[in-house]
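These protein sequence lines are chains A and B, in that order. FYI, in our numbering the residues of the first sequence are 544 to 631. FYI, in our numbering the residues of the second sequence are 37 to 322.
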Amino acid sequence: MVRIQVPSVWNPEGRTDFEADEGPLPEVIRRFAEAYPVMRRRLLDAAGEPLLYVNVCVGDELIPRHLRRDTVVPAGATVTIIAPMAGG
Amino acid sequence: MLLIPGALFDQGSPPAALDWLMSQDQPLPRIWFADETPQRPVALAPYRIDRYPVTVARFRAFVQATGFRTDAEDRGFGLVYDEHGWIERSGVHWQEPGGPGTGSVAADNHPVVHMSWRDASAYAQWAGKRLPTEPEWEYAARGAEFRLWPWGDDWDDKRANTAELHATNGLTTLEAWQQWWQTVCRRDGPLPQTTAVGSFSPQGDSPFGCADMAGNVYEWTSTLSQLYDEATVCDPTVRKAMGTYRVIRGGSWMNLRYQVRCSERMHGDPLGWSSFAHGFRCAQDA
């Protein structure tokens, strides 16, 4: 399993921590968005692809958009989703 | 530009401001605002700051003089919020803020938008200025005494360009905001709802006479995002932006009253990202 952190304002409960299965980063994000439909429009485009302007950290590493397709999230890692404008 | 005298002031919000936020009809949790606490003393040397955000006309003068191309122009698309949410749209940039065919000379005196941190910094350097630091921005917005908005602690939706000015019904939930915005989009498309700079002067001005510091456009600062106190318990994704993002202040026409407070902090991706609500103003050493 991997830990996924999202902004507290993305769901009505203010929850920030979730779990998901490990795997290729785009697939981890897609599965997570499908499991939590309230966050789907913030993570995926109309075609179901991860939105590239949303930043993603795996551990402490910010993954550039051109490298996300080839990034694999190992078990035990934390994926943090950071909106391009955080806070507010 | 306005001359701001040197000062020692307490940057940020006191706990009572967060207590007040939690007592209001707004849905965001306390940890979302925690990055604006605790207050900390900051010493400022005298400086100058633009009275208004940089306008489309002024940015055009910069482009005509230098041939500068913005990040949005280089990559071929910009970020707008359509009926369903944020979307990267082809041909969107500062001259065509909602997409091809949406530019207008009527916007010349509006704040320029689709400004990335790099775009804003390049303009400032060309103008012989710089972006304000975060403390400089906050002090120019509220003066020495803590206040919620540039004019004081009593909200008045006629003093600033926020979503509350544009919407006729009360906006307190995300659903109400989306409903308002969908109505705008169906009527006009995803066009920025900016207003000419100074439209809310003098009633919306700061104690120093700075205009549009609440709403209109989000404004980049030069400051690298950091927590005021590492021990602060805040949203984990906001914490993750520290050390990478740059501080944005003032909120925009998209926001409600809570996001356009003088001590409200936002943090923006400085690596080329911008949107149809992001602009800036400049500062200068005195």
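Every residue, glycine too, gets a C-beta built ideally from N, C-alpha and C. What you are looking at is a predicted structure, and each value in this text was computed from that prediction instead of being measured.
Does the beta-carbon of residue i have 16 or more other beta-carbons within 10 angstroms, so that it is buried, or is it exposed?
i, result
"A/Gln548", "buried"
"B/Gln239", "exposed"
"B/Leu39", "exposed"
"B/Arg94", "buried"
"B/Glu300", "buried"
"B/Trp275", "The question names Trp, but residue 275 of chain B is Arg in the sequence shown. Buried, since its Cβ has 16 or more Cβ neighbours within 10 Å."
"A/Met628", "buried"
"A/Arg574", "exposed"
"B/Ala52", "exposed"
"B/Ala160", "buried"
"B/Thr102", "exposed"
"B/Leu210", "exposed"
"A/Pro593", "buried"
"B/Ser288", "buried"
"B/Met58", "exposed"
"B/Ser140", "exposed"
"B/Ser261", "buried"
Let me know the secondary structure DSSP gives residue i once reduced to three states.
i, result
"B/Pro324", "This structure leaves residue 324 of chain B out entirely; chain B is present only between 37 and 322."
"B/Ile123", "strand"
"B/Tyr117", "strand"
"A/Asp560", "strand"
"A/His609", "helix"
"A/Met544", "coil"
"B/Leu210", "helix"
"B/Met151", "coil"
"B/Trp309", "coil"
"B/Leu184", "coil"
"B/Thr102", "helix"
"B/His314", "strand"
"A/Ser551", "helix"
"B/Arg297", "coil"
"B/Ala142", "helix"
"B/Trp173", "helix"
If residue i and residue j are in contact, beta carbons under 8 angstroms, what's the gap, nearest whole angstrom?
i, j, result
"B/Pro298", "B/Arg178", "A small correction: the amino acid at residue 298 of chain B is Cys; Pro does not occupy that position in the sequence shown. Their Cβ separation, rounded to whole angstroms, is 4 angstroms, which keeps B/Cys298 and B/Arg178 in contact under 8 angstroms."
"B/Gly304", "B/Arg282", "6 angstroms"
"A/Arg507", "A/Pro569", "Residue 507 of chain A cannot be examined here, being either before or after the span of chain A that is shown, 544 to 631."
"B/Met37", "B/Arg87", "7 angstroms"
"B/Met278", "B/Leu263", "6 angstroms"
"B/Val92", "B/Val148", "5 angstroms"
Can you check DSSP and say which residues form a bridge with residue i?
i, result
"B/Arg166", "B/Ala319"
"A/Ile625", "A/Asn598"
"B/Asp46", "B/Pro77"
"A/Val615", "A/Pro567"
"B/Asn323", "The question about residue 323 of chain B has no answer here: the residues shown for chain B are numbered 37 through 322."
"B/His303", "A/Ala629, B/Val283"
"A/Glu604", "A/Val601"
"B/Glu132", "B/His129"
"A/Pro593", "A/Leu587"
"B/Thr91", "B/Pro147"
"B/Ile40", "B/Tyr83"
At a threshold of 8 angstroms, does residue i count as lining the ligand FAD (C-beta to nearest heavy atom)?
i, result
"B/Arg297", "By its list of ligands, the structure shown contains no ligand whatsoever, and the ligand FAD lies outside what it can speak to."
Those runs of the beta strand (DSSP E) which lie wholly inside the segment 220-293 of chain B and span at least 3 residues
254-260, 282-285
Taking the runs of the alpha helix (DSSP H) that are 4 residues or longer, which of them lie wholly in the segment 52-87 of chain B?
With a minimum length of 4 residues, the unbroken runs of alpha helix (DSSP H) contained wholly in the segment 52-87 of chain B fall at 66-69.
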